[in-house]
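A.B. asks: Below you will find the structure I want to go over with you.
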Amino acid sequence: MANKGLLVVLSGPSGTGKGTVLKALLARCENVRLSISATTRAPRPGEADGREYYFMTREKFTQTAAAGGMLESAEYCGNFYGTPAAPVERWREQGLDVVLEIETVGGAQVQRKRPDAVGIFILPPSLRELARRLRGRATEPEAAVERRLAAARTEIRRAKEYDYVVVNDSVERAADEIRAILTAEKDRVERNPQMIERILTE
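Residue numbering for the sequence shown follows my numbering, beginning at 954 and increasing consecutively.
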């Protein structure tokens, strides 16, 4: 029987390249899955239920959350967003590691509900480099970039609430570091009591 997979919380400020690092990690690790969030907003053209999001009515979402079926949830622009626990746990029971790419407020909710979750915070090489990346997108006015940088400072202060920090100065190196963290976590003594007992009783 496969050991239960890890629950991984991956956070970091906008512009740190979390999504790009995660894609590189998924390409390296066949046993890693990215969790799918639920939302009460309407599907956009081309979106499918269970692929981009699990689309729920407000009633269904609030009932699920009230019953403890959301690992984390928040309201944004009039819609609810959250991570349903059931699909995450199904994957973990199959021995798959599940990554939740979420912001720090949601990450704190998950770690309160699931103390065994592994928290990884992605850091930029520096705030100067983060500013360069955000401005390099050329998709937002300067005032919006400044707001993102102010938010980044607040989020980075919360990095100490996580188990690991990974600096994304190279996507490939950051993905390799996260893979090494997952491997090490699986070898922790408290995750392997059955293995120890099996060897002692053979």
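All residues carry an ideal CB built from backbone N, CA and C; glycine is no exception.
Keep in mind that this is a model prediction, so the values were computed, not measured.
Could I get the ranges of all uninterrupted alpha helix (DSSP H) runs contained in the stretch 1047-1133, with 4 residues as the minimum, in chain order?
C.D. replies: For the stretch 1047-1133, whole alpha helix (DSSP H) runs of length 4 or above, ordered along the chain, are 1057-1066, 1080-1090, 1095-1110.
A.B. asks: Closest by CA to alanine 1061, which one among Leu1024, Gln1047, Arg1086, Glu1150?
C.D. replies: What you label residue 1061 is simply residue 108 of the sequence shown in a count that begins at 1. Cα-wise, what sits closest to alanine 1061 is Leu1024.
A.B. asks: Taking the straight line between their C-alpha atoms, what separation do you get for glutamate 1000 and valine 1051?
C.D. replies: By 1-based counting over the sequence shown, the position of residue 1000 is 47. By 1-based counting over the sequence shown, the position of residue 1051 is 98. Roughly 22 Å separates the two Cα atoms.
A.B. asks: By the three-class DSSP mapping on this structure, what secondary structure does glutamate 1000 have?
C.D. replies: In the sequence shown, residue 1000 corresponds to position 47, counting from 1. In this structure, glutamate 1000 counts as coil in the three-state DSSP scheme.
A.B. asks: Does arginine 986 come out as helix, strand or coil in the three-state DSSP assignment?
C.D. replies: Reading the sequence shown from its first residue, position 33 is the one you call residue 986. Three-state DSSP puts arginine 986 in a strand.
A.B. asks: Pull up the DSSP beta-bridge partners for proline 1037, would you.
C.D. replies: By 1-based counting over the sequence shown, the position of residue 1037 is 84. Beta-bridge pairing links proline 1037 to Met1023.
A.B. asks: Once the 5 residues before and after glutamate 1138 are set aside, which same chain residues still bring their CB inside 8 Å of it?
C.D. replies: Within the sequence shown, residue 1138 is the residue found at index 185, counting from 1. Counting only Cβ-Cβ distances below 8 Å, and skipping sequence neighbours, we find Leu959, Val1071, Arg1144.
A.B. asks: So, with DSSP's three-state summary, where would you put glutamate 1138?
C.D. replies: Along the sequence shown, read from residue 1 onward, the residue named residue 1138 stands at position 185. Residue state, collapsed to three classes: helix.
A.B. asks: Anyone know if the C-beta pair for isoleucine 1075 and alanine 1127 falls short of 9 Å?
C.D. replies: Taking the sequence shown and counting its residues from 1, one reaches residue 1075 at position 122. Taking the sequence shown and counting its residues from 1, one reaches residue 1127 at position 174. Cβ atoms of isoleucine 1075 and alanine 1127: closer than 9 Å.
A.B. asks: Using the C-alpha atoms, what's the distance from leucine 1049 back to proline 1146?
C.D. replies: Here residue 1146 refers to the residue found at position 193 of the sequence shown. Here residue 1049 refers to the residue found at position 96 of the sequence shown. Spanning the two alpha carbons is a distance of roughly 19 Å.
A.B. asks: Exposed or buried, methionine 1009, counting other C-beta atoms within 10 Å across all chains shown (16 or more means buried)?
C.D. replies: For the purposes of this step, residue 1009 is taken as the residue at position 56 of the sequence shown. Burial call: buried.
A.B. asks: Going straight from the alpha carbon of arginine 997 to that of leucine 1083, what length do you get?
C.D. replies: As a working mapping, residue 997 is identified with position 44 in the sequence shown. As a working mapping, residue 1083 is identified with position 130 in the sequence shown. For arginine 997 and leucine 1083, the distance between alpha carbons rounds to 30 Å.
A.B. asks: Who are the near neighbours of glutamate 987 in its chain, counting only those whose CB is closer than 6 Å to its CB and skipping five residues on each side?
C.D. replies: Against the sequence shown, residue 987 aligns to sequence position 34. Before going further, note that residue 987 is leucine rather than glutamate in the sequence given. Val1052, listed in sequence order.
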